[in-house]
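Engineer: Mind having a look at this structure? Questions to follow.
There are 4 protein chains.
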Amino acid sequence: MTAMQALRKIAPEPGFVLQEVPVPEIGASDVLIRVEKAGVCGTDQHIYSWDRWAEHRIHPPVTIGHEFMGKVAAIGPAVRSVRVGDRVSAEGHIACGVCLLCRTGEAHICEHVEIIGVDRDGSFADYIAMPEGNVWPLDPGIPDQYAAVFDPLGNAVHTVMAAGVSTKSVAITGVGSIGLMAIPVARAAGAASVFAIDVNPAKLELAARVGADATFSATDPGLVDEILERTNGDGVDVLLEMSGSGSAIDLGLSLVRNGGRAALLGIPSDNVNINLAERIIFKGLTVLGINGRRMFETWYQTQALVKTGRVDLRPIITHILPFRDFDRAFALMRSGEAAKIVLDLKGDLAP
Amino acid sequence: MTAMQALRKIAPEPGFVLQEVPVPEIGASDVLIRVEKAGVCGTDQHIYSWDRWAEHRIHPPVTIGHEFMGKVAAIGPAVRSVRVGDRVSAEGHIACGVCLLCRTGEAHICEHVEIIGVDRDGSFADYIAMPEGNVWPLDPGIPDQYAAVFDPLGNAVHTVMAAGVSTKSVAITGVGSIGLMAIPVARAAGAASVFAIDVNPAKLELAARVGADATFSATDPGLVDEILERTNGDGVDVLLEMSGSGSAIDLGLSLVRNGGRAALLGIPSDNVNINLAERIIFKGLTVLGINGRRMFETWYQTQALVKTGRVDLRPIITHILPFRDFDRAFALMRSGEAAKIVLDLKGDLAP
Amino acid sequence: MTAMQALRKIAPEPGFVLQEVPVPEIGASDVLIRVEKAGVCGTDQHIYSWDRWAEHRIHPPVTIGHEFMGKVAAIGPAVRSVRVGDRVSAEGHIACGVCLLCRTGEAHICEHVEIIGVDRDGSFADYIAMPEGNVWPLDPGIPDQYAAVFDPLGNAVHTVMAAGVSTKSVAITGVGSIGLMAIPVARAAGAASVFAIDVNPAKLELAARVGADATFSATDPGLVDEILERTNGDGVDVLLEMSGSGSAIDLGLSLVRNGGRAALLGIPSDNVNINLAERIIFKGLTVLGINGRRMFETWYQTQALVKTGRVDLRPIITHILPFRDFDRAFALMRSGEAAKIVLDLKGDLAP
Amino acid sequence: MTAMQALRKIAPEPGFVLQEVPVPEIGASDVLIRVEKAGVCGTDQHIYSWDRWAEHRIHPPVTIGHEFMGKVAAIGPAVRSVRVGDRVSAEGHIACGVCLLCRTGEAHICEHVEIIGVDRDGSFADYIAMPEGNVWPLDPGIPDQYAAVFDPLGNAVHTVMAAGVSTKSVAITGVGSIGLMAIPVARAAGAASVFAIDVNPAKLELAARVGADATFSATDPGLVDEILERTNGDGVDVLLEMSGSGSAIDLGLSLVRNGGRAALLGIPSDNVNINLAERIIFKGLTVLGINGRRMFETWYQTQALVKTGRVDLRPIITHILPFRDFDRAFALMRSGEAAKIVLDLKGDLAP
């Protein structure tokens, strides 16, 4: 067991290559994990298509993928909290451990973070090495395909919990896979009503299926009036911004009532032009930048929501494909047919 | 329309008397409300049986009752926010309006508060006069019998929201009518799991029907172990104490995990002997004293939960009786047969 | 006592006119106040010079001025909390009292607010009428000239307290009169270090005098490095943005460490172009829009800071001028010579 | 360098013995520290006198002492964040690192914590071994004698910051060494006024010297009235309970205004009898159990307060004695003559 298959970006150009590479070596405090299921993310698509962001951030060659679950295959001599054979997922943000953020419970925004599948080798491979501190032992009540997407599901949970939705009305702008996940999460976390906004009718249909109380095309001219009517004329208590689109951010902020909260997870590719006075200052809004998942508060929350059955992701995980069909997976994502795709690495390629 | 029927405590002794009294006069900023439905509360029972608390607090003669809904019958000349005919409930704590608490959004703990049905005439009467600022216009989506119990339901909502239950495990000690209400409220507000504890098997059965994930007799010797097992060995995140019993408070605090939160609503009749070191200090607990309902944050939250159908009180409101059957209502409460009783004042006694 | 002098905007053009007008009539719940001292604000300057904002917001004729103190001259029949002769200031934002915000302790962001000196007659006059609920009885320990500027001082206190500065490092962008006040307020509220940034050297000198640990020209190329060095390379914990300048907002946000907080009080006159990803989202920042002063939490906090001598405004109130010298006051403000000017209305014009 | 001097409890009886013992061995992730200065704590006194608590908790033989600073003498091969020669202090609570609390930023209340000088060998010795994660590199701006007492100073800071004192009135019950430290800490953290309460006149005199606005004998019959008068009749906003005395806890809670906060650090040796209804529930109080210091938020806060000179402990560190005078140190503590004693281990006993 010294060689393995890995999906890699090997040159500064579009596409991925499935390569045979050495199984990673592990240090004293590391854990080697046999990857069994791995989620495909929009970020992977950016790296695949080699857009401007990817050009600046990615340094080939590197193995892609950052959402996964699997079984512990080996542990370093200093590892004490997991054992070979344990079923695990892992936090893909590897924090430095010694900075102000890391030492005050905010490792998710560590300034020296390294992200698997971006800054170092990722999880679209038979094996991945992770520091012990990043490994998350899986409760037997968590199905494999949910465990494989704890990373994006955790983004949704972190955003929802940071915003605080209990008994509140909530608008979500952008219902890609994380925005979709945010709907049942917000409902389970206590939202009184959830309104989904997007430009894609198929995504809005899916939004309704997973629990949105109402869905709106972002271009619907009656949108503002209808949301005001559904919120006693006040506007929504909470905005979850998951599109990264400048116009959606402006629309979303305009929907929030005075004194409301807006959590921004979507990442705009360019500067955004904002009427700060009208959208934020006069309204007394609280705006939260959201990054990653809290280590490991978000993981405990996610586990609680999934294990108790409060959150059902079945309609969102639209495809589970064998690893070798990765090209089809990326085609499905590009076409917009898929919401969330999980690759199965257990069956076909392992030694 | 100058005389009306009212249920009154007229002497320092057990019992109530139904009397004809003048319809209350209203000041410039007051609202006269024709009471239609009124909830019966444990406090009314204390006043009925004339226990030690009642002896010290109640100064007969006074009309009893503090949970109600009805229609506006008349308004003072300075009233602007409601009109004759409006369907309303009202906050029964009448705050002074000028103290530190009142001027900083904490009127629910105003030091000079007067409570209807306790310190001044209450709602077991055809009419009640309320200051405009205490009147709560009812959304058409709120059924009468729910509107009549917004006061105790608000106690439950205030306790749940102060504790913060979103994605948390919750133990409730004491499932009288407010403890029972707290179960669907906690679920709707996002609790991942709710455990109900009481000495009364009938109440525990009801607790299960309204959504408790597990119920426990307070004397069950395996209770602590089972709750630890259901919470990964940590204990519950949140305690909602609704019994006022010293032993339940001790048990409840022992169930809370380190760093957890406990909200105390139940009122002990005597001092409580607590191991502060073990129960609160070493654990780093946060303990919240809960009184009344936030004006009017709790009311908005309660409205949101009821209007959207997130909270279903049908199994808890066990009886709706005509006003003239008030003696039977108190007998049903004493016997423990009833959870929540609502009196209907519309039909039989009004002029 | 039926006529009085008032400084008014009487036509849609630059300048003010001192006119004789009737003393305001008061309603049942109103208080008539004999104005004794009144602060001059940048907003008054905008109205004086009739800029774009003033053109859209102000409907002449209207009496200007919104910061003041004085003595109660008369009260309506329903007023109970103040008496004739009481020394008072008043909150200049008159809230509707019945909206969601007003009923949940957030009247400072009431959507139907009316502001004195902007939307209705203000305090540059011998008398002003205020609703009882807006009147703030003055503690004997508060000097007149401080009481006269509780409105802008309250803006500073609200911003500082919303941001939370206890043991934190704080950068303030823009040290006009409110920014200057924020320096001793932040120090008194527990800031460990305060850095002031502006383009005006005279204001920076004043900033140092009132307690800034370091001051920086906004154009100083070494500013970022020096602030990083003074904050262990992390950046400041808290930004208080008080300039309203787009470039200062960008600079200020760039100075805040990951996980920090930014409170925005300065009002940009145009849209601001922001790199939301780098400035807010990746950093996990909390950004707070700040408007007015909390009613009346901020007033209690301001009173505590001034009464205990924790905050010393003497260097900031650069001029106390007789009312008739109002033209000189506006000339001093335009020239930048003055920080805060207080007009004395007691001596010369009253009947 | 294989043997060293250590102050040890060697048998279940009163007293300590200075023994020669082996220098501790260190593991891969451990740091060996040459102790230079170490604080003497009330806990050490309990162990010295062998009271009931000590009998149950301490398992001789064990080296005593848990407050210290020194220099790094050796590091394990996996240590990366400190180097030999670094000046350091250390958090004495050694947390498990993998429980819910440790993984959610609350390691200070880890259920599996081990405390140096209590559960394992402590710092009254020439050398101590600590896990790398517990070591706190000292800023050059922190004097040795302050660094030696970061543990109790951190208790004071944790209590003050958890309670939140900015612009608030604060009562402190119990001004032993931590209570005394809490006075300048509360002032520096923004308290508007600080009232100290104790039974010991000498401690109250010291309290006044370090910044208490007023001091009170706990038995003064006019205490309550005077504190009410100094707080506009409301009571204090915040209680910091640092005595562990049942009667002081009752008195302290009675002083807190409705809606106030109480932070309990003092550890009662027995159960406490509390009128929960009057003291906590009706008042809507928030009561916080405080344990240890937040890792490492409290350390950063403490560093900021000391480094900027906001907190001056000189009057509180009443004695700095050579290590060999430890018996005199314990005699001074017993007599009440000393507030905080620091032992100097650098000069006389090291090899």
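Just so you know, the sequences run in chain order A, B, C and D. So in my numbering, spot 5 of the first sequence is number 5, and the numbers just go up one at a time. Add 351 to the 1-based position in the second sequence for my numbering, that's all there is to it. Add 702 to the 1-based position in the third sequence for my numbering, that's all there is to it. Add 1053 to the 1-based position in the fourth sequence for my numbering, that's all there is to it. Every residue, glycine too, gets a C-beta built ideally from N, C-alpha and C.
Consult DSSP for H748 (chain C) and reduce its assignment to one of helix, strand or coil.
Structural biologist: helix
Engineer: Given that a residue counts as buried once 16 or more other Cβ atoms are within 10 Å of its Cβ, and exposed if not, what is S335 (chain A)?
Structural biologist: Label assigned to S335 (chain A): exposed.
Engineer: Cβ closer than 7 angstroms: which chain C residues qualify as neighbours of G1243 (chain D)?
Structural biologist: Simply S868, A890, A891 and G892.
Engineer: Whole angstroms are fine: how far does the CA of I109 (chain A) sit from the CA of L955 (chain C)?
Structural biologist: Rounded to the nearest angstrom, the two C-alpha atoms are 16 angstroms apart.
Engineer: In terms of residues, what are the limits of the alpha helix (DSSP H) holding G597 (chain B)?
Structural biologist: G597 to L606
Engineer: Assuming V1088 (chain D) is part of the alpha helix (DSSP H), what are its boundary residues?
Structural biologist: For V1088 (chain D), there is no enclosing alpha helix (DSSP H); the enclosing beta strand (DSSP E) covers residues D1083 to V1093.
Engineer: Considering only the beta carbon of each residue, do A1242 (chain D) and T1020 (chain C) sit closer than 8 angstroms?
Structural biologist: no
Engineer: Can you tell me the Cβ-Cβ gap for L734 (chain C) and P724 (chain C), rounded? I've got them flagged as a contact below 8 angstroms.
Structural biologist: With 8 angstroms as the limit, L734 (chain C) and P724 (chain C) do not qualify as a contact, their Cβ atoms being about 12 angstroms apart.
Engineer: Between F633 (chain B) and chain D, is the shortest Cβ-Cβ distance under 8 angstroms, so that the two count as touching?
Structural biologist: Yes, its Cβ sits closer than 8 angstroms to a Cβ of chain D.
Engineer: Grab the span of the alpha helix (DSSP H) containing T861 (chain C) for me, first residue to last.
Structural biologist: F852 to A865
Engineer: G15 (chain A): which of A:V342, A:D327, A:L138 and A:D344 sits nearest, CA to CA?
Structural biologist: A:D327
Engineer: Please identify the residue among A:D344, A:V306, A:M333 and A:K346 whose C-alpha is closest to the C-alpha of G141 (chain A).
Structural biologist: A:V306
Engineer: Look up K1256 (chain D) in the DSSP assignment and say whether it is helix, strand or coil.
Structural biologist: helix
Engineer: Compare the beta carbon distance of K1090 (chain D) and L1385 (chain D) with 8 angstroms and say whether it is the shorter of the two.
Structural biologist: no
Engineer: Taking only the alpha-carbon atoms, compute the straight-line gap between F1032 (chain C) and Q747 (chain C) and give it to the nearest angstrom.
Structural biologist: 7 angstroms
Engineer: Distance check for I415 (chain B) and A831 (chain C), CA to CA, integer angstroms please.
Structural biologist: 41 angstroms
Engineer: So, for P1321 (chain D): in the same chain, excluding its five sequence neighbours on each side, which residues have a beta-carbon less than 8 angstroms away from its beta-carbon?
Structural biologist: G1297, S1298, G1299 and I1302
Engineer: Can you list, in chain order, the residues of its chain with a C-beta nearer than 6 angstroms to that of I197 (chain A)? Leave out the 5 residues immediately preceding and following it.
Structural biologist: T173, F216 and A218
Engineer: What does A429 (chain B) touch in chain C if you count any residue whose Cβ is under 8 angstroms from its own?
Structural biologist: A730, S731 and A780
Engineer: Quick one: list the residues of chain D neighbouring Q707 (chain C), beta-carbon separation under 9 angstroms, in chain order.
Structural biologist: Residues of chain D passing the Cβ test: none, with the nearest at roughly 36 angstroms.
Engineer: Identify each residue in the stretch 794-817 of chain C for which the Cβ-Cβ distance to at least one residue of chain B is less than 7 angstroms, and report them in chain order.
Structural biologist: Residues of the stretch 794-817 of chain C that bring their beta carbon within less than 7 angstroms of a beta carbon in chain B comprise V800, L802, R805, T806 and G807, in sequence order.
Engineer: Which whole runs of the beta strand (DSSP E) in the stretch 613-640 of chain B are 3 residues long or more, in chain order?
Structural biologist: As far as the stretch 613-640 of chain B is concerned, its whole beta strand (DSSP E) runs of at least 3 residues are 623-625 and 637-640.
Engineer: Buried or exposed for V464 (chain B), please, with buried defined as at least 16 other CB atoms from any protein chain shown within 10 angstroms of its CB.
Structural biologist: buried
Engineer: Report yes or no: is there a C-beta of chain A within less than 8 angstroms of the C-beta of D936 (chain C)?
Structural biologist: yes
Engineer: Between the beta-carbon of M420 (chain B) and the beta-carbon of A498 (chain B), is there less than 8 angstroms?
Structural biologist: yes
Engineer: Identify which residue in D:A1178, D:R1347 and D:I1327 has its Cα closest to the Cα of R1377 (chain D).
Structural biologist: Answer by Cα proximity: D:A1178.
Engineer: For L305 (chain A) and chain B, any beta-carbon pair shorter than 8 angstroms?
Structural biologist: yes
Engineer: With 8 angstroms set as the bound, which would you pick, yes or no: does the beta-carbon of P970 (chain C) sit closer than that to a beta-carbon of chain A?
Structural biologist: True, the Cβ-Cβ gap to chain A drops below 8 angstroms.
Engineer: Flag this pair as touching only if the stretch 282-290 of chain A and the stretch 254-263 of chain A have three or more C-beta atom pairs under 8 angstroms; answer yes or no.
Structural biologist: Output reads yes: the stretch 254-263 of chain A touches the stretch 282-290 of chain A.
Engineer: Looking only at its own chain, which residues have a Cβ that is under 7 angstroms from the Cβ of V867 (chain C), when we skip the five neighbours before and after it?
Structural biologist: A888, A891, G892, A893 and V940
Engineer: Can you give me the C-alpha to C-alpha distance between H761 (chain C) and R822 (chain C), rounded to a whole angstrom?
Structural biologist: Rounded to whole angstroms, H761 (chain C) to R822 (chain C) spans 9 angstroms at the Cα level.
Engineer: If the criterion is Cβ atoms closer than 8 angstroms, does the pair Q1092 (chain D) and V1202 (chain D) meet it?
Structural biologist: Just to set this straight, residue 1092 (chain D) is Gly in the shown sequence, not Gln. Contact flag set, yes.
Engineer: DSSP three-state label for E1073 (chain D), please.
Structural biologist: strand
Engineer: What residues from the stretch 496-524 of chain B come within 9 angstroms of chain A, judged by C-beta to C-beta, listed N to C?
Structural biologist: V508, V511, M512, G515, V516, S517, T518, K519 and S520
Engineer: Going by DSSP in three states, F1177 (chain D) sits in which element: helix, strand or coil?
Structural biologist: coil
Engineer: Which residues in chain D have a C-beta closer than 7 angstroms to the C-beta of S81 (chain A)? List them in chain order.
Structural biologist: V1151
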